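Read through the structure below, which is laid out as structure tokens, and then see the notes.
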Amino acid sequence: MKERAQRVLTRFFKVNTFMTFEDLSKEFATSERTMRNELTLINEFLAENNYPTIMTVRGKGMKLELSDKDREKLLSKVSLERETDYYRPDERFLALLLEIMDMSKTTVLYEMEETLRVSKSTLDDDMRKLRSFLKEYGLSIVSLPKQGIVLRGYERSIRSMLYKVITSMTDLDSMLGLKDENNIKTFSEQLVMSYLDKNVLEEIGVHYDRILKKEGEAINPVYRNQIVLFLGIWIRRLQDGNTLSELAKVRSDMRENAVRQFVDAICLAFNLYPSVHEIKYITFTIESFNPKDMNNSFDWVTAQLLAIQLIEHVEKETGIPFSQKEDDLYEGLYRHITGLLSRTHNDLQAFNPLKDTIKESYGDIYQAVSCFKSQIEYYTKKPLPEDEIGFLSVYFSTSASRMKQDEQFVYQAVVLCHHGISTGKLLAANIKEQFNVEIVAVLSSYEIGFIDKLDVDLVFTTIAIDYLKKPVLLLNPILRESDKKEINAFLLENQEKRRTISKKLDATRLMQDILALIAESGGSVTKDIYQSVESVFKDQHLKINTREIQPMLQDILKDSHILLKQECNDWKEAIAKSADVLLAGQIIEERYVDAMIKSVEEYGPYIVVGKHLALAHARPEDGVNQLGISVMTLKEPVVFGNPDNDPVKIVFCLAAVDSYSHLNIMKNLIELINDPEKLDKLTDAKDKDSFNKILYGSTAIK
Numbered sequence: 001m002k003e004r005a006q007r008v009l010t011r012f013f014k015v016n017t018f019m020t021f022e023d024l025s026k027e028f029a030t031s032e033r034t035m036r037n038e039l040t041l042i043n044e045f046l047a048e049n050n051y052p053t054i055m056t057v058r059g060k061g062m063k064l065e066l067s068d069k070d071r072e073k074l075l076s077k078v079s080l081e082r083e084t085d086y087y088r089p090d091e092r093f094l095a096l097l098l099e100i101m102d103m104s105k106t107t108v109l110y111e112m113e114e115t116l117r118v119s120k121s122t123l124d125d126d127m128r129k130l131r132s133f134l135k136e137y138g139l140s141i142v143s144l145p146k147q148g149i150v151l152r153g154y155e156r157s158i159r160s161m162l163y164k165v166i167t168s169m170t171d172l173d174s175m176l177g178l179k180d181e182n183n184i185k186t187f188s189e190q191l192v193m194s195y196l197d198k199n200v201l202e203e204i205g206v207h208y209d210r211i212l213k214k215e216g217e218a219i220n221p222v223y224r225n226q227i228v229l230f231l232g233i234w235i236r237r238l239q240d241g242n243t244l245s246e247l248a249k250v251r252s253d254m255r256e257n258a259v260r261q262f263v264d265a266i267c268l269a270f271n272l273y274p275s276v277h278e279i280k281y282i283t284f285t286i287e288s289f290n291p292k293d294m295n296n297s298f299d300w301v302t303a304q305l306l307a308i309q310l311i312e313h314v315e316k317e318t319g320i321p322f323s324q325k326e327d328d329l330y331e332g333l334y335r336h337i338t339g340l341l342s343r344t345h346n347d348l349q350a351f352n353p354l355k356d357t358i359k360e361s362y363g364d365i366y367q368a369v370s371c372f373k374s375q376i377e378y379y380t381k382k383p384l385p386e387d388e389i390g391f392l393s394v395y396f397s398t399s400a401s402r403m404k405q406d407e408q409f410v411y412q413a414v415v416l417c418h419h420g421i422s423t424g425k426l427l428a429a430n431i432k433e434q435f436n437v438e439i440v441a442v443l444s445s446y447e448i449g450f451i452d453k454l455d456v457d458l459v460f461t462t463i464a465i466d467y468l469k470k471p472v473l474l475l476n477p478i479l480r481e482s483d484k485k486e487i488n489a490f491l492l493e494n495q496e497k498r499r500t501i502s503k504k505l506d507a508t509r510l511m512q513d514i515l516a517l518i519a520e521s522g523g524s525v526t527k528d529i530y531q532s533v534e535s536v537f538k539d540q541h542l543k544i545n546t547r548e549i550q551p552m553l554q555d556i557l558k559d560s561h562i563l564l565k566q567e568c569n570d571w572k573e574a575i576a577k578s579a580d581v582l583l584a585g586q587i588i589e590e591r592y593v594d595a596m597i598k599s600v601e602e603y604g605p606y607i608v609v610g611k612h613l614a615l616a617h618a619r620p621e622d623g624v625n626q627l628g629i630s631v632m633t634l635k636e637p638v639v640f641g642n643p644d645n646d647p648v649k650i651v652f653c654l655a656a657v658d659s660y661s662h663l664n665i666m667k668n669l670i671e672l673i674n675d676p677e678k679l680d681k682l683t684d685a686k687d688k689d690s691f692n693k694i695l696y697g698s699t700a701i702k
């Protein structure tokens with residue numbers, strides 16, 4: 001039985017309701033005619049082995065009725081059937097690549113003909129395809145006496161290539177043992193496990209969960225599994241004696257944090273003694289997949305600008321008021337974009353196993369995000385992969401689903417998802433929207449034990465679990481029509497679990513509306529008024545999210561921090577001079593100025609964020625004492641080295657204390673970036689009153 005037929009049969013094992021050919025054709029991305037042929041073959045296989053066939057009920061669909069004992073026997077039978085098949089072309093490609101990568105073997109082509117059971121002409125064609133693929137990474141295959149066929153090229157490219165091939169050809173969850181043990185392992189997964197060693201990958205996972213979970217944030221299984229895979233490749237390459245060239249560019253600083261502890265634990269566990277150069281490389285790689293302390297990224301401000309601009313863009317394209325849910329949406333996008341920028345700088349790519357389903361299910365949002373990709377590519381200098389577009393689309397889809405939720409919910413449930421926190425949240429939002437279910441929590445596959453501590457009646461999961469205390473329903477991470485039928489039947493079966501829950505009051509938005517009404521009625525929202533309103537809310541036990549109540553540019557930019565028509569010889573002097581007023585006011589320390597200049601020297605003129613506009617900044621821990629900002633216009637423009645936006649005419653210097661208190665300031669700056677006419681007027685301003693009037697639309701009170 002071929003692999004697709006196996007996967008279709010396995011799908012019938014997991015559902016308890018009827019499925020249609022339309023459901024199956026969408027799920028397996030093929031025609032209904034092909035599905036009918038697959039079902040014919042499956043039923044022939046079942047009949048030959050004395051099992052019940054898939055039955056069809058008019059008006060409902062198809063269903064396979066099996067006992068648990070027959071199901072287990074049939075899974076075993078299907079696995080054995082696959083072992084007699086020949087290698088498919090993609091499997092031969094992977095087998096050849098891994099054979100050449102294995103330094104413990106001597107690869108000889110005539111022996112591979114026998115191993116792969118193909119003719120010389122077929123193998124020659126496979127080798128041509130492999131050489132063509134490797135050329136894209138600057139790699140080549142050569143034949144050496146006594147060594148056989150070997151791979152040549154930069155080690156960093158070899159690791160990235162191998163990581164890309166494995167993530168695109170395997171199901172990491174299945175390969176790393178996160179799915180049901182009965183799941184069929186593909187030949188590709190078996191080949192990879194023979195090269196990387198299952199025990200090594202399992203031990204890496206144990207250390208990841210033990211050390212990185214200490215930071216108090218939920219583990220994202222999608223990133224976790226890709227880190228485990230990349231470390232598995234790194235370890236294997238080091239064990240084979242392959243190391244990075246000292247000329248390769250890697251991040252220069254190494255901080256003592258959980259990621260570094262994790263790398264040290266891995267080195268100890270596998271008796272590795274890599275160079276400092278290798279430690280820097282793998283630490284930066286892990287951080288790019290696992291961004292927790294956002295402000296430690298050199299381009300964290302770039303990530304914030306992109307997140308805010310992306311929200312505005314998708315809202316305009318779709319007509320969905322995403323700004324109403326901007327708190328959670330912004331946070332998710334900001335974190336993801338920070339990691340995206342870091343991965344790009346390190347030539348890595350996160351693999352998204354659900355990108356095609358996301359594209360199909362949320363086409364409008366996916367298209368809107370796609371139209372924004374050029375602005376992200378401006379910073380990455382590389383094409384934005386569809387995998388990343390899919391990840392970004394999930395955040396918007398989740399937010400859109402939340403907006404449609406009803407006032408009342410009649411079930412309380414938990415979602416267990418092994419495809420990542422953002423995908424789990426999307427699944428939760430869709431269940432709440434379409435089935436009147438309140439999702440109390442979204443857990444990863446490592447947090448099953450928390451279910452007992454939650455006040456829930458039902459469990460929705462994307463991974464098979466052995467849990468008998470509450471009703472459990474297995475679903476796809478992105479809801480299919482067949483899943484919706486399953487949910488309806490599941491809720492009907494558990495009607496006695498229904499309860500009524502009122503929607504919680506959004507106290508933060510209520511407070512913002514009250515303050516806006518005071519201002520609109522002619523009143524002034526002074527500091528005392530704000531604190532009085534805040535006290536009333538606290539007295540009524542209404543919790544306010546202070547992260548959403550942030551100062552505007554006008555609240556922070558003082559007249560004394562505005563410098564006009566300054567003369568500077570170069571970009572370094574421009575940064576230092578714009579920071580002088582913040583330094584004088586003890587808002588920043590001297591080392592913050594040094595950090596801003598050093599960052600540009602190391603990473604380039606990324607602080608030139610708009611046409612003729614630079615936003616000088618460093619990380620909060622580099623010497624910021626309090627939130628502050630200054631602005632300086634230049635008498636003569638200065639070249640920073642950014643070919644698209646040079647020369648710089650105006651420099652803002654930002655001193656941020658955290659990742660959120662300055663967000664309204666960032667929005668003000670984005671408005672300025674998008675208004676070149678206003679920027680020109682600011683640079684022409686001859687006094688501070690004129691400058692303020694242009695910047696704010698009226699004379700600012702300082």
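Residue numbering for the sequence shown follows the UniProt record's numbering, beginning at 1 and increasing consecutively. Glycine included, C-beta positions come from ideal geometry on N, C-alpha and C. Since we're looking at a predicted model, the values are computed, not measured.
| task | Say whether chain B places a C-beta atom closer than 8 Å to the C-beta of Glu447. | result | The chain labelled as chain B is not found in the depicted structure, where only one protein chain is given.
| For Ala400 and Gln554, the rounded distance between their alpha carbons | Walking along the sequence shown from the start, residue 554 turns up at place 554. Walking along the sequence shown from the start, residue 400 turns up at place 400. Taken atom to atom, the span from the alpha-carbon of Gln554 to that of Ala400 is near 32 Å.
| task | Give a yes or no on whether the C-beta atoms belonging to Val301 and Leu634 are separated by under 8 Å. | result | By 1-based counting over the sequence shown, the position of residue 301 is 301. By 1-based counting over the sequence shown, the position of residue 634 is 634. In this structure, Leu634 does not lie closer than 8 Å to Val301 by Cβ.
| Tyr334 vs Ile311 beta-carbon contact at 8 Å | Counting from one through the sequence shown, the residue named residue 334 turns up at place 334. Counting from one through the sequence shown, the residue named residue 311 turns up at place 311. Cβ atoms of Tyr334 and Ile311: not closer than 8 Å.
| Presumed contact (8 Å Cβ cut-off) between residue 732 and Glu567, rounded CB distance | With the chain represented from 1 up to 702, any question about residue 732 goes unanswered, as that position is not in the structure.
| Any contact of the region 231-242 with the region 145-163, i.e. 3+ C-beta pairs under 8 Å? | Enough Cβ pairs lie closer than 8 Å, so yes.
| task | Decide if the region 428-441 is in contact with the region 451-468; the criterion is three or more beta carbon pairs, one per stretch, under 8 Å apart. | result | Pairwise C-beta distances place the region 428-441 in contact with the region 451-468, as three or more of them are shorter than 8 Å.
| request: Let me know the secondary structure DSSP gives Ala29 once reduced to three states. | output: On the sequence shown, residue 29 is found 29 positions in, with the first residue counted as 1. In the structure shown, Ala29 sits in coil (DSSP, three-state: anything other than H, G, I, E or B).
| Just the Cα atoms here: how many angstroms apart are Phe450 and Lys470? | Position 450 of the sequence shown, counting from 1, holds the residue named residue 450. Position 470 of the sequence shown, counting from 1, holds the residue named residue 470. If I take the Cα positions, the gap works out to 13 Å.
| query | In the DSSP assignment, what are the bridge partners of Cys653? | reply | Residue numbering aside, residue 653 sits at position 653 when the sequence shown is read from its first letter. Answer is Ala616 and Ser630, bridged to Cys653.
| said: Mapping the DSSP letters down to three states, classify Tyr195 as helix, strand or coil. | reply: As a position in the sequence shown, residue 195 is number 195, starting the count at 1. Helix, per DSSP.
| said: Which complete beta strand (DSSP E) runs does the region 104-182 hold, if anything under 3 residues is left out? | reply: Segments of the beta strand (DSSP E) lying fully in the region 104-182: 140-144 and 148-152.
| task | Under the assumption that Ile673 contacts Leu613 (Cβ atoms under 8 Å), give the Cβ distance between them as a whole number of angstroms. | result | The residue you call residue 673 lines up with position 673 of the sequence shown. The residue you call residue 613 lines up with position 613 of the sequence shown. About 6 Å; that satisfies the 8 Å criterion.
| Close-in-space but distant-in-sequence residues of the same chain around Asp570 (CB under 6 Å, 5 per side omitted) | Within the sequence shown, the letter at position 570 stands for residue 570. The answer is none, since no qualifying residue turns up.
| task | Could you say which of Ala655, Ile421 and Lys69 lies nearest to Leu443 if we only look at CA atoms? | result | As a position in the sequence shown, residue 443 is number 443, starting the count at 1. It is Ile421 whose Cα lies nearest to the Cα of Leu443.
| field | Alpha carbon of residue 749 to alpha carbon of Phe28, nearest angstrom | value | This structure cannot speak to residue 749, because the chain is shown only from 1 to 702.
| Can you name the residues that DSSP bridges to Ala413? | In the sequence shown, residue 413 corresponds to position 413, counting from 1. DSSP, once it has assigned bridges, lists Ile439 and Leu458 as partnering Ala413.
| query | Any chance the region 274-282 sits against the region 192-209, with 3 or more Cβ pairs inside 8 Å? | reply | no
| query | How is the beta strand (DSSP E) around Val472 delimited, first residue to last? | reply | Walking along the sequence shown from the start, residue 472 turns up at place 472. Looking at the DSSP string, the run of the beta strand (DSSP E) that includes Val472 is Val472 to Leu474.
| query | Under a three-way DSSP split, which group does Thr56 fall into? | reply | Working through the sequence shown from its first residue, we reach residue 56 at position 56. Thr56: strand per DSSP, three-state reduction.
| request: Look at the Cβ atom of Gln304, then the Cβ atom of Gln375, and state whether they are nearer than 8 Å. | output: For the purposes of this step, residue 304 is taken as the residue at position 304 of the sequence shown. For the purposes of this step, residue 375 is taken as the residue at position 375 of the sequence shown. For Gln304 and Gln375, no; Cβs fall outside 8 Å.
| query | For Glu388 versus Ala350, is the C-beta distance shorter than 8 Å? | reply | Sequence index remark: in the sequence shown, residue 388 carries index 388 (1-based). Sequence index remark: in the sequence shown, residue 350 carries index 350 (1-based). Contact flag set, yes.
| field | Continuous alpha helix (DSSP H) stretch holding Gln309: start and end | value | On the sequence shown, residue 309 is found 309 positions in, with the first residue counted as 1. Trp300 to Thr318 is the span of the alpha helix (DSSP H), which, as asked, contains Gln309.
| Between the CA atoms of Leu542 and Ser535 - distance to the nearest angstrom | Taking the first residue of the sequence shown as 1, we reach residue 535 at position 535. Taking the first residue of the sequence shown as 1, we reach residue 542 at position 542. The straight-line gap from Cα to Cα measures roughly 10 Å.
| request: Please classify Pro676: does DSSP put it in a helix, a strand, or coil? | output: Reading the sequence shown from its first residue, position 676 is the one you call residue 676. Three-state result, Pro676: helix.
| Selected residue, minimal CA-CA separation from Val142, among Thr107, Leu669 and Ser119 | Within the sequence shown, numbered from 1, the residue matching residue 142 stands at position 142. If we check each option's Cα against that of Val142, Thr107 comes out closest.
| query | Among Leu176, Ala265, His313 and Gly153, which one has its Cα closest to the Cα of Leu244? | reply | On the sequence shown, residue 244 is found 244 positions in, with the first residue counted as 1. Closest by alpha carbon: Gly153.
| task | Hey, could you find the ends of the alpha helix (DSSP H) Leu583 is sitting in? | result | Start at 1 with the first residue of the sequence shown, and residue 583 comes out as number 583. That run of the alpha helix (DSSP H) goes Trp571 to Ala584.
| message | How far does the beta strand (DSSP E) with Gln540 in it extend, from its first residue to its last? | response | On the sequence shown, residue 540 is found 540 positions in, with the first residue counted as 1. Per DSSP, Gln540 belongs to no beta strand (DSSP E) and is neither H nor E.
| query | Contact between the region 97-105 and the region 57-73: three or more CB pairs below 8 Å? | reply | In the pairwise beta carbon analysis, the region 97-105 is classified as not touching the region 57-73: fewer than three pairs are separated by under 8 Å.
| said: Starting from Gly363, trace the alpha helix (DSSP H) in both directions and tell me its first and last residue. | reply: Taking the sequence shown and counting its residues from 1, one reaches residue 363 at position 363. Element bounds for Gly363: Gly363 to Ser370.
| query | Just curious, the beta strand (DSSP E) that Lys63 is in, first and last residue? | reply | Here residue 63 refers to the residue found at position 63 of the sequence shown. Here the beta strand (DSSP E) through Lys63 covers Gly61 to Lys63.
| message | Taking its Cβ as the centre, do 16 or more other Cβ atoms sit within 10 Å of Ala516, making it buried, or is it exposed? | response | Within the sequence shown, numbered from 1, the residue matching residue 516 stands at position 516. It is exposed - the Cβ of Ala516 has fewer than 16 other Cβ atoms within 10 Å.
| query | What is the DSSP secondary structure of Gly424, counted as helix, strand or coil? | reply | The residue given as residue 424 occupies position 424 in the sequence shown. Here DSSP, grouped into helix, strand and coil, assigns Gly424 to helix.
| message | With three or more beta-carbon pairs closer than 8 Å as the criterion, would you say the region 590-602 touches the region 660-679? | response | no
| With a cut-off of 8 Å, do at least 3 Cβ pairs link the region 358-373 to the region 221-229? | no
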